[in-house]
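*Asks:* Got a structure for you, written out below as structure tokens; questions coming shortly.
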Amino acid sequence: MSTTPLPLRSPAPAAEPVSPYESYVYAYPHKTAYRRLPDRPALRKLWADEPQDALSLYLHIPFCEVRCGFCNLFTRIGAPGELTTAYLDALERQAASVREALAPGARFAAAAFGGGTPTFLSAAELTRLCDIAERWMGAELRTVPLSVETSPSTATADRLAVLAERGATRISIGVQSFVEAEARAAVRPQDPAEVAAALDRIRAADVPVLNIDLIYGIDGQTERSWQRSLDAALRWRPEELYLYPLYVRPLTGLGRRESAGPDPAWDAQRLRLYRHGRDHLLAAGYEQVSMRMFRRPPAAGAGSPSGPGGDHACQTDGMIGLGCGARSYTSALHYSFDYAVGMTRIRSIIDDYVSRPAADFTRAEFGWRMTGEEARRRHLLQSVLQAAGMPVAEYRARFGSAPAEDFPAELAAFAARGWLDAAAGPDLLRLSPEGLAHSDALGPMLFSPAVRSQMAGYALK
Numbered sequence: 005m006s007t008t009p010l011p012l013r014s015p016a017p018a019a020e021p022v023s024p025y026e027s028y029v030y031a032y033p034h035k036t037a038y039r040r041l042p043d044r045p046a047l048r049k050l051w052a053d054e055p056q057d058a059l060s061l062y063l064h065i066p067f068c069e070v071r072c073g074f075c076n077l078f079t080r081i082g083a084p085g086e087l088t089t090a091y092l093d094a095l096e097r098q099a100a101s102v103r104e105a106l107a108p109g110a111r112f113a114a115a116a117f118g119g120g121t122p123t124f125l126s127a128a129e130l131t132r133l134c135d136i137a138e139r140w141m142g143a144e145l146r147t148v149p150l151s152v153e154t155s156p157s158t159a160t161a162d163r164l165a166v167l168a169e170r171g172a173t174r175i176s177i178g179v180q181s182f183v184e185a186e187a188r189a190a191v192r193p194q195d196p197a198e199v200a201a202a203l204d205r206i207r208a209a210d211v212p213v214l215n216i217d218l219i220y221g222i223d224g225q226t227e228r229s230w231q232r233s234l235d236a237a238l239r240w241r242p243e244e245l246y247l248y249p250l251y252v253r254p255l256t257g258l259g260r261r262e263s264a265g266p267d268p269a270w271d272a273q274r275l276r277l278y279r280h281g282r283d284h285l286l287a288a289g290y291e292q293v294s295m296r297m298f299r300r301p302p303a304a305g306a307g308s309p310s311g312p313g314g315d316h317a318c319q320t321d322g323m324i325g326l327g328c329g330a331r332s333y334t335s336a337l338h339y340s341f342d343y344a345v346g347m348t349r350i351r352s353i354i355d356d357y358v359s360r361p362a363a364d365f366t367r368a369e370f371g372w373r374m375t376g377e378e379a380r381r382r383h384l385l386q387s388v389l390q391a392a393g394m395p396v397a398e399y400r401a402r403f404g405s406a407p408a409e410d411f412p413a414e415l416a417a418f419a420a421r422g423w424l425d426a427a428a429g430p431d432l433l434r435l436s437p438e439g440l441a442h443s444d445a446l447g448p449m450l451f452s453p454a455v456r457s458q459m460a461g462y463a464l465k
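Under this note's numbering, think of the first position of the sequence shown as 5, with each following residue one higher.
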């Protein structure tokens, strides 16, 4: 961990964003900045000097029953033959190899199953997935937060029973819109009755946190139809709601038939709907956690709904990702397998993954080496995009410098746009409401020139 100030201060930020919706920053750097690692470093060496008392575990399942028109996740439609069995076999081989590379006392403080759609697996296969996390990796799923993604058609009672029994504390379901015409416009075929039944089953499973994902900016969507979806979701009193702006990305269903160029009218629609949704949820008693995330505060004396294990910090704690679409983080290297969006290439990567022997899971193959500057950028990005902001002392304790010293040009640009909360005082770096609204423009302005260059040079596949 670096504790010395940057020898060179950051350059001027990227050019003025052409849209409030440049890029959704969920991890930094994005996988399109990763490249093949010529030395294929051994995992045992990568993790030898890393803190391992509060790791995060992520298991990736790259299968869905359908692929939505906006989706650019690493997933394929269906799993012919015995592919899910072969995939779990490979996941088990990888888990054994990765666990061998960790210290005997390595501890997991959080876990998540994502995809794809983890509940594409049958109940028996989900049981095996949990066994891989517990028996092979040593994660104590019943004592740490465990988040699992699902879909309306796969959130069946038997699958949910397995997850609840194994300690799931959060179920996240992608609904996107409760308005059938909007779901069709987003190439998200679903039956409203099936959605309602799935939400009823999740509530009946008694998992502490229900999250519902919704999307705004769909063709034809208005404030009135958007509020219909919001109100429909609120009937299940979800502990969390994620409101996502629609993106049209290359090699996706919508991307193949629509231009992804600048569209001021669409930007204005998305900003208008974002503000409407934000204000509606705040009036309903939710608190805003980030541009996307809204949380219902627990009842007095109820404690946090997310369950035990709140000692995990994404800023400093490492992550172990298992599966062909997962990424792992050490302080010095972020790494994964190859990345693709196009279905043909995704299938090829999955086929390669399931055929690998255990020995092929002992090295990192694609990745990004984290310098001291990149660690600073990542910390600032992941902190300042949270509504609560970032204590300056927290940053200084880790890096030995202040954000204003390391990123003067970027922070000055944010302040000039009214994106920083001047009332927060000198000890807290916090976005204004308008800054939060522009998170998807602000975040990319913090990307380093090296990351921007690598992302720009990525060949879509």
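Built from N, CA and C at the ideal position, the CB exists for glycine as well.
(1) Kindly indicate which three-state DSSP category residue 450 falls into: helix, strand or coil?
(2) Taking three-plus beta-carbon pairs below 8 Å as touching, is the stretch 29-36 in contact with the stretch 381-390?
(3) Leaving out the 5 sequence neighbours to the left and right, which residues in its chain are closer than 8 Å to residue 196 when beta-carbon positions are compared?
(4) What is the DSSP secondary structure of residue 328, counted as helix, strand or coil?
(5) Does DSSP put residue 294 in a helix, in a strand, or in coil?
(6) Determine whether the Cβ of residue 280 lies closer than 8 Å to any Cβ atom of chain D.
(7) List the DSSP bridge partners of residue 213.
(8) Residue 390: which of 291, 321, 334 and 377 sits nearest, CA to CA?
(9) Per DSSP, residue 219 is paired with what?
(10) When you compare only the Cα positions, how much space is there between residue 135 and residue 342?
(11) So within the stretch 365-412, which uninterrupted alpha helix (DSSP H) runs reach at least 4 residues, ignoring any that extend past its ends?
(12) Does DSSP put residue 119 in a helix, in a strand, or in coil?
(13) Look at residue 47 and residue 137 and say whether their C-beta atoms are less than 8 Å apart.
(14) Return the bridge partner residues of residue 68 from the DSSP annotation.
(15) To the nearest angstrom, how far is it from the Cα of residue 199 to the Cα of residue 123?
(16) Here's a check: name, in chain order, each residue in its chain whose Cβ is nearer than 8 Å to the Cβ of residue 239, leaving out the five neighbours to either side.
(17) My output table needs one value for residue 2: the three-state DSSP class, helix, strand or coil.
(18) With the cut-off set at 8 Å, would you say residue 321 and residue 161 are in Cβ contact?
(19) Looking at the secondary structure, which residues open and close the beta strand (DSSP E) in which residue 152 lies?
(20) Could you tell me how far apart the beta carbons of residue 145 and residue 115 are, in whole angstroms, since I believe they sit closer than 8 Å?
(21) In the structure shown, what three-state DSSP assignment does residue 466 receive?
(22) Using the beta-carbon count (16 or more within 10 Å), is residue 347 buried or exposed?
(23) Assess contact between the stretch 51-65 and the stretch 328-337, defined as three or more Cβ pairs (one per stretch) separated by less than 8 Å. Is contact present?
(24) Only counting the same chain, and skipping five residues up and downstream in sequence, which positions put a Cβ closer than 8 Å to that of residue 276?
(25) May I have the straight-line CA-CA distance separating residue 380 from residue 205, to the nearest angstrom?
(26) Please state whether the Cβ-Cβ distance between residue 128 and residue 56 is less than 8 Å.
(27) For residue 423, I'd like the list of residues in its chain whose CB is within less than 7 Å of its CB, leaving aside the five on either flank, ordered along the chain.
(28) Give a yes or no on whether the C-beta atoms belonging to residue 190 and residue 250 are separated by under 8 Å.
(29) Rounded to a whole number of angstroms, what is the C-alpha to C-alpha distance between residue 339 and residue 36?
(30) Would you call the stretch 395-406 in contact with the stretch 350-359, where contact means no fewer than 3 C-beta pairs closer than 8 Å?
(31) Excluding the 5 residues preceding and the 5 following residue 237 in the sequence, name in chain order all residues of the same chain whose CB lies nearer than 8 Å to its CB.
(32) Would you list the residues sitting across from residue 112 in a DSSP beta bridge?
(33) Using the Cα positions of residue 118 and residue 293, report the straight-line distance between them to the nearest angstrom.
(34) Suppose the cutoff is 6 Å on Cβ atoms and the five residues either side in sequence are ignored; what does the same chain contact list for residue 170 look like?
(35) Which of helix, strand or coil does DSSP assign to residue 30?
(36) The alpha helix (DSSP H) spanning residue 347 covers which residue range?
*Replies:* Reading from the atomic positions:
(1) Of the three classes helix, strand and coil, the one that applies to residue 450 here is coil, per DSSP.
(2) For the pair of segments examined, the stretch 29-36 was found to touch the stretch 381-390: the number of CB pairs separated by less than 8 Å reaches three.
(3) Excluding sequence neighbours, residue 196 sits near 182 and 184.
(4) Per DSSP, reduced to three states, the secondary structure at residue 328 is coil, with no helix or strand assignment.
(5) In the three-state DSSP reduction, residue 294 falls in the strand class (E or B).
(6) The displayed structure is made up of one protein chain only, and chain D is not part of it.
(7) Bridge partners of residue 213: 174.
(8) Measuring C-alpha to C-alpha distances from residue 390 to each of 291, 321, 334 and 377 identifies 291 as the nearest.
(9) According to DSSP, residue 219 bridges with 248.
(10) About 26 Å.
(11) As for any alpha helix (DSSP H) of minimum length 4 sitting wholly inside the stretch 365-412, the runs are 376-388, 396-403 and 407-410, ordered along the chain.
(12) DSSP places residue 119 in strand when its eight states are reduced to three.
(13) Taking 8 Å as the cut-off, the Cβ atoms of residue 47 and residue 137 do not count as close.
(14) According to DSSP, residue 68 shares a beta bridge with 81.
(15) Taking the straight line joining both Cα atoms gives about 15 Å.
(16) The answer is none, since no qualifying residue turns up.
(17) Examination of residue 2 is not possible in this model, given that the chain is present from 5 through 465 alone.
(18) No, Cβ-Cβ distance for residue 321 and residue 161 is not below 8 Å.
(19) 150-154 is the span of the beta strand (DSSP E), which, as asked, contains residue 152.
(20) Right, the Cβ-Cβ distance comes to about 6 Å (below 8 Å), so this counts as a contact.
(21) Because the chain is modelled from 5 through 465, residue 466 falls outside the range shown and cannot be assessed.
(22) Residue 347 comes out exposed.
(23) Put simply, the stretch 51-65 touches the stretch 328-337. At least three CB pairs are less than 8 Å apart.
(24) Taken in chain order, the residues that qualify are 227.
(25) In this structure, the CA atom of residue 380 is about 43 Å from the CA atom of residue 205.
(26) The answer is no: Cβ separation not under 8 Å.
(27) By the criterion of a C-beta distance shorter than 7 Å, residue 423 is surrounded in its chain by 435, 436, 438, 439, 442 and 446, once the five residues flanking it on both sides are discounted.
(28) Cβ distance < 8 Å, so residue 190 and residue 250 count as in contact.
(29) Here the alpha carbons of residue 36 and residue 339 stand approximately 12 Å from one another.
(30) Flag = no, the stretch 395-406 and the stretch 350-359 do not touch.
(31) Cβ neighbours of residue 237 within its own chain (closer than 8 Å, five residues either side excluded): 179, 182, 216, 218 and 245.
(32) In DSSP, residue 112 forms a bridge with 59.
(33) Their Cα atoms are separated by approximately 21 Å.
(34) Cβ neighbours of residue 170 beyond the five flanking positions: 134 and 145.
(35) Under the three-state reduction of DSSP output, residue 30 falls in the coil class, being neither helix nor strand.
(36) Residue 347 -> alpha helix (DSSP H) spans 347-358.
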